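To keep things clear, I will list the structure first and then write my remarks on it.
Numbering (full-length UniProt numbering), first residue to last: 1 to 219.
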């Protein structure tokens, strides 16, 4: 669903994507400066901000606290995180903590234990922190072999604790254990950008250059 355009339901370089527990797909529609919300069938529902505020969001992820279902929107260039409610109302703005080792953090996700995972496409690594932003470990490294990454983009985790990484320039999605050990790779047929796993096991992938979002029933 999607396609290039500025009207509701169309995208200009879709980047991050997340599926909420209520089966709504949130897409960071970067060049249109908005987050769009669709059903898992691709039907447009709404978008935000809607009051003239333009954000340069890069990624979206769900807060680990399912009682609030807050939407986290990151802007790595500004080092800021905007926190929204699912209806688009702003909760707060926080600064994105940076580790001296990271150079270009792009995508972010929170796993079921509250750990924060950040992909750095300049260092070709994924950095893992605890909920207090204490560094735990990193994995990846440049290359095209199993477990290696070349410009990693989107990142998410599934109900089994696996870490899924959009290994963009290698045109694959790599799956790792919660400890960063390689499991297998999935090849969607294009350069994957944003990733999300739905509550029913769907894999949702954004295709930046073709301005579309693809939903795979399973992976």
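We put the beta carbon where it would ideally sit given N, CA and C, even for glycine. Because the structure is a prediction, the values reported are computed rather than measured.
Can residue 173 and residue 165 be called in contact, C-beta distance under 8 Å?
Yes, these two residues count as a Cβ contact at 8 Å.
Can you give me the C-alpha to C-alpha distance between residue 176 and residue 157, rounded to a whole angstrom?
Their Cα atoms are separated by approximately 9 Å.
Option in 24, 19, 38 with minimal Cα separation from residue 11
Nearest of 24, 19, 38 to residue 11, Cα basis: 38.
Assuming residue 174 is part of the beta strand (DSSP E), what are its boundary residues?
Residue range 172-176 is occupied by the beta strand (DSSP E) that includes residue 174.
Whole angstroms are fine: how far does the CA of residue 137 sit from the CA of residue 49?
Computed Cα separation, rounded: 35 Å.
Between the segment 189-199 and the segment 16-25, do at least 3 Cβ pairs fall closer than 8 Å?
Three or more Cβ pairs closer than 8 Å define a contact, and the segment 189-199 meets that threshold against the segment 16-25.
Are residue 202 and residue 40 touching if we call contact CB-CB under 8 Å?
In contact: residue 202 and residue 40 (Cβ atoms closer than 8 Å).
Would you kindly check if the distance between the Cβ of residue 149 and the Cβ of residue 122 is under 8 Å?
The answer is no: Cβ separation not under 8 Å.
Local conformation of residue 203 per DSSP, three classes:
Strand, per DSSP.
Limits of the beta strand (DSSP E) - the one that residue 127 falls within:
Start and end: 125-129.
Cα separation between residue 140 and residue 168?
A straight-line Cα-Cα distance of about 13 Å links residue 140 and residue 168.
Buried or exposed by the 16-neighbour rule on C-beta atoms within 10 Å, applied to residue 84
So residue 84 counts as buried.
Based on DSSP bridge pairs, tell me the residues matched to residue 4.
The partner list for residue 4 (beta bridge, DSSP) reads 11.
Report, in whole angstroms, the separation of the C-beta atoms of residue 107 and residue 153, which I expect to be a contact under 8 Å.
In this structure residue 107 touches residue 153 by the C-beta definition: roughly 6 Å separates them, less than 8 Å.
Using the C-alpha atoms, what's the distance from residue 180 back to residue 36?
Answer to the nearest angstrom: the Cα atoms are 31 Å apart.
For residue 70 versus residue 91, is the C-beta distance shorter than 8 Å?
Yes, the pair counts as a contact, with Cβ atoms nearer than the cut-off.
Whole-angstrom distance between residue 4 and residue 163, CA atom to CA atom:
Their backbone Cα atoms lie some 30 Å apart in a straight line.
Give the range of the beta strand (DSSP E) segment to which residue 220 is assigned.
Lying before the first or after the last residue shown, residue 220 is absent from the chain, which here runs from 1 to 219.
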